[in-house]
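J.:
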Amino acid sequence: MTRELRVVVEADGGARGNPGPAGFGAVVREAATDEILLERSGALGTATNNVAEYSGLIAGLRAAAELGATHVAVRMDSKLVVEQMSGRWQIKNPGLRPLAAEAAGLVSRFAEVSFEWIPRERNRAADALANRAMDEAAGKPVPDIGSVRDVGSASDREPQPEESTPTASWAPPSLEDATRLILVRHGETPLTAQGRYSGRGDVPLTDEGEAQAMAAGARVAGISRDVTAVVCSPLARCVRTAELIAAELGGATVSVLPDLIECDFGQWEGMTFAEVQQRWPVELAAWLKSTSVAPPGGESFQAVAKRVRGVVATLLQTYPSATVVVVSHVSPIKLILRDALAAGDAFLHRLFLDPAGVSVVDTWPDGGIAVRSVNETAHLR
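Those letters in the sequence shown? Residues 44 to 424, by this note's numbering.
#1: Candidates 88, 286, 339: which alpha carbon is nearest residue 182's?
#2: Taking Cβ to Cβ, would you say residue 99 is nearer than 8 Å to residue 74?
#3: Expressed to the nearest angstrom, what Euclidean distance is found between the alpha-carbon atoms of residue 313 and residue 58?
#4: My guess is that residue 172 and residue 84 are in contact by the Cβ rule of under 8 Å, so how many angstroms apart are they, rounded?
#5: Excluding five sequence neighbours on each side, which residues of the same chain lie with their C-beta closer than 7 Å to the C-beta of residue 188?
#6: Using the beta-carbon count (16 or more within 10 Å), is residue 321 buried or exposed?
#7: Thinking just about the alpha-carbon of each residue, which of 251, 342, 65, 227 is nearest to the one in residue 92?
#8: Near residue 60, what residues of its chain come up, given a Cβ to Cβ distance below 6 Å and the 5 sequence neighbours on each side ignored?
#9: Check whether the Cβ atoms of residue 353 and residue 307 lie closer than 8 Å to each other.
#10: Am I right that residue 53 and residue 169 are in contact with their C-beta atoms under 8 Å? What's the rounded C-beta distance?
#11: Please state if the CB of residue 299 and the CB of residue 277 are separated by a distance shorter than 8 Å.
#12: Hey, residue 288 and residue 373: beta-carbon distance below 8 Å or not?
#13: Would you call residue 191 buried or exposed, if buried means 16 or more other Cβ atoms sit within 10 Å of its Cβ?
#14: Counting pairs of beta carbons, one from the segment 412-422 and one from the segment 379-391, are three or more of them closer than 8 Å?
#15: Helix, strand or coil: which one does DSSP assign to residue 418?
#16: Quick one: complete beta strand (DSSP E) runs, 3+ long, within the segment 69-141?
#17: With 16 as the cutoff for other CB atoms within 10 Å, does residue 262 come out buried or exposed?
#18: Use the C-beta contact count for residue 178: other C-beta atoms within 10 angstroms, 16 or more gives buried, fewer gives exposed.
#19: Among the residues of its own chain, which have a CB less than 6 Å from the CB of residue 47, if the five just before and after it don't count?
#20: For residue 64, which beta-bridge partners are listed by DSSP?
#21: For residue 267, which residues from the same chain have a beta carbon less than 8 Å from its beta carbon, with the 5 sequence-adjacent residues on both sides left out?
#22: Let me check understanding here. Comparing Cα to Cα, which of 355, 238, 247 lies closest to residue 274?
#23: Would you mind sorting residue 388 into buried or exposed? The rule is 16 or more other CB atoms within 10 Å of its CB.
#24: Of all the options 280, 236, 271, which has the alpha carbon lying nearest to the alpha carbon of residue 246?
#25: State the beta-bridge partners of residue 405 as determined by DSSP.
#26: Applying the 10 Å Cβ sphere with the 16-neighbour rule, what's the burial state of residue 158?
#27: Quick one: what does DSSP say residue 246 is sitting in, helix, strand or coil?
#28: Once you ignore the five residues that flank residue 194 on each side, which residues in its own chain have a CB closer than 7 Å to its CB?
#29: So, is residue 377 buried or exposed, given that buried needs 16 or more other C-beta atoms within 10 angstroms?
#30: By the DSSP assignment, the beta strand (DSSP E) with residue 165 in it spans what residues?
#31: Answer yes or no: do residue 272 and residue 230 have a C-beta to C-beta separation smaller than 8 Å?
#32: Let's test the definition: count the other Cβ atoms within 10 Å of the Cβ of residue 294 and tell me whether it reaches 16, buried, or not, exposed.
#33: Buried or exposed: residue 400, going by 16 or more other Cβ atoms within 10 Å of its Cβ?
#34: In chain order, what residues of the same chain lie with their CB nearer than 7 Å to the CB of residue 63, ignoring the 5 residues before and after it?
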């Protein structure tokens, strides 16, 4: 039986100037005793406050993973990082998206991770490590860490909104470096045709759904025949769609990724929207209002987003500069597109995805993202 280890990660970062010489610090404590288990710090050269804060978070999560932690409570005095990692604030700055994605990939390794904002005075240990890293990089004399923990904060600033977006470029990036995800919703099923919630129920494709999947395969082949991998949800409607697409590509191997499964709609499974609205009006209203709310007996979109972000992070790491076909369901694909477009939660209820619709997202190693298409359906007509 796996030993349960609960830890607290205190993380901070700062820049002397914004941007300016920057550093980060992180402390991992055992939750039960408050004992310091690991410390991490480092200088970043010239960077912004927000980049330094995210760097502290990443260092802390990596340290917790090294210790084999199962449950992590992250505490930071950065309102921005806490709110963005909790899914309540959008990540508008393109420069922060790769850092947030890396942090999300680390979060997916643990059984549970929570984020809490704390006042700066309660984050002195991590703050002191960040200061020490910046002082060492500047060649300044560095006192013992015990006295460093009582010095001023890493940067003379109050909590602030996300830094302004860097000047954008219209120059098209080279596609040679990008990882391309071709997102395909499965073909039609009996529940799809009737407009019913279809979550974990393992329903097959209809004859029309099989034809749609073959058409989607032809479209994918038209986008790229140089496909490195085809991955899919474990449910039969996705596996069959993926197999038909792989056949159009010359017999590519299909790999099942469990975390690409559809949202669990609980007691709403198999019902229409009108039926749910009649029987659960209060619960439906709450679900439409917040991604943290789950259908009765089901799964919230926040929970789905967490596992799907882990899948995307793994695909980007496993297949750099390659093309991957991802066959999944409405909810996971919408959440991938929401994150790629840095859209708000309202996006999830406004975007319609047709059966066998195709969307294309390119991601570069520096975190740049280009959404090439959303819900292509011309191949179905």
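For every residue, glycine included, the Cβ atom is placed at its ideal position computed from N, Cα and C.
T.: Taking the definition as stated:
#1: On the sequence shown, position 139 is the one that residue 182 refers to. Residue 88 is the option with its Cα nearest to residue 182.
#2: By one-based count along the sequence shown, residue 99 stands at place 56. By one-based count along the sequence shown, residue 74 stands at place 31. Contact flag unset, no.
#3: Within the sequence shown, residue 313 is the residue found at index 270, counting from 1. Within the sequence shown, residue 58 is the residue found at index 15, counting from 1. Their backbone Cα atoms lie some 53 Å apart in a straight line.
#4: On the sequence shown, position 129 is the one that residue 172 refers to. On the sequence shown, position 41 is the one that residue 84 refers to. Contact holds; Cβ gap of about 4 Å.
#5: The sequence position of residue 188 within the sequence shown is 145, counting from 1. Confidence at residue 188 is low in this model, with a pLDDT of 44, below 50, so its placement is unreliable and no value can be given for it.
#6: The residue labelled residue 321 in the question sits at position 278 within the sequence shown. It counts as exposed.
#7: To locate residue 92, count along the sequence shown from 1; it is residue 49. Looking at the Cα atoms, 65 is the closest of the given residues.
#8: Walking along the sequence shown from the start, residue 60 turns up at place 17. Correct list: empty, nothing qualifies.
#9: Along the sequence shown, one-based indexing puts residue 353 at 310. Along the sequence shown, one-based indexing puts residue 307 at 264. It is not a contact, given that the beta carbons lie outside the stated cut-off.
#10: Start at 1 with the first residue of the sequence shown, and residue 53 comes out as number 10. Start at 1 with the first residue of the sequence shown, and residue 169 comes out as number 126. That belief holds up - the Cβ atoms of residue 53 and residue 169 are roughly 4 Å apart, short of 8 Å.
#11: Position 234 of the sequence shown, counted from the start, is the residue given in the question as residue 277. Position 256 of the sequence shown, counted from the start, is the residue given in the question as residue 299. Yes, these two residues count as a Cβ contact at 8 Å.
#12: Here residue 288 refers to the residue found at position 245 when the sequence shown is read from its first residue. Here residue 373 refers to the residue found at position 330 when the sequence shown is read from its first residue. Not closer than 8 Å, so no.
#13: As a working note, residue 191 is residue 148 in the sequence shown. Residue confidence for residue 191 is low, a pLDDT of 35 falling below 50, so the modelled location carries little weight and cannot support an answer.
#14: yes
#15: Taking the sequence shown and counting its residues from 1, the one referred to as residue 418 is at position 375. Note: residue 418 maps to strand in three-state DSSP.
#16: 79-90, 114-119
#17: For the purposes of this step, residue 262 is identified with residue 219 of the sequence shown, where counting begins at 1. The residue in question, residue 262, is buried, as its Cβ has 16 or more Cβ neighbours within 10 Å.
#18: What you label residue 178 is simply residue 135 of the sequence shown in a count that begins at 1. Buried.
#19: Here residue 47 refers to the residue found at position 4 of the sequence shown. Result list for residue 47: 113, in chain order.
#20: Here residue 64 is taken as the residue at index 21 of the sequence shown, counted from 1. Residue 64 pairs with 89.
#21: Position 224 of the sequence shown, counted from the start, is the residue given in the question as residue 267. So the qualifying residues of the chain are 223, 225, 366.
#22: Working through the sequence shown from its first residue, we reach residue 274 at position 231. If we check each option's Cα against that of residue 274, 355 comes out closest.
#23: Your numbering for residue 388 matches position 345 in the sequence shown. Under this definition residue 388 is a buried residue.
#24: Indexing the sequence shown from 1 puts residue 246 at position 203. Nearest option by C-alpha distance: 280.
#25: Working through the sequence shown from its first residue, we reach residue 405 at position 362. In the DSSP output, where bridge partners are listed per residue, residue 405 has 223, 413.
#26: Here the question's residue 158 lines up with position 115 in the sequence shown. By the neighbour-count rule (16 or more Cβ atoms within 10 Å), residue 158 is buried.
#27: As a working note, residue 246 is residue 203 in the sequence shown. The answer is coil: DSSP assigns residue 246 none of H, G, I, E or B.
#28: Looking up residue 194 in the sequence shown gives position 151. Here residue 194 scores only 33 on pLDDT, less than 50, and its place in the model should not be relied on; the value that follows carries that caveat. Closer than 7 Å at the Cβ level, and outside the excluded window around residue 194, lie 171, 174.
#29: Position 334 of the sequence shown, counting from 1, holds the residue named residue 377. With 16 or more Cβ atoms within 10 Å of its Cβ, residue 377 is classed as buried.
#30: As a first step, residue 165 must be located in the sequence shown, where it is residue number 122. Counting along the chain, residue 165 falls outside any beta strand (DSSP E), and DSSP gives it neither H nor E.
#31: Position 229 of the sequence shown, counting from 1, holds the residue named residue 272. Position 187 of the sequence shown, counting from 1, holds the residue named residue 230. Result no, Cβ atoms of residue 272 and residue 230 do not sit closer than 8 Å.
#32: Position 251 of the sequence shown, counted from the first residue, corresponds to residue 294. Flag for residue 294 reads exposed.
#33: Reading the sequence shown from its first residue, position 357 is the one you call residue 400. With 16 or more other Cβ atoms within 10 Å, it is buried.
#34: As a working mapping, residue 63 is identified with position 20 in the sequence shown. Cβ within range, chain order: 89.
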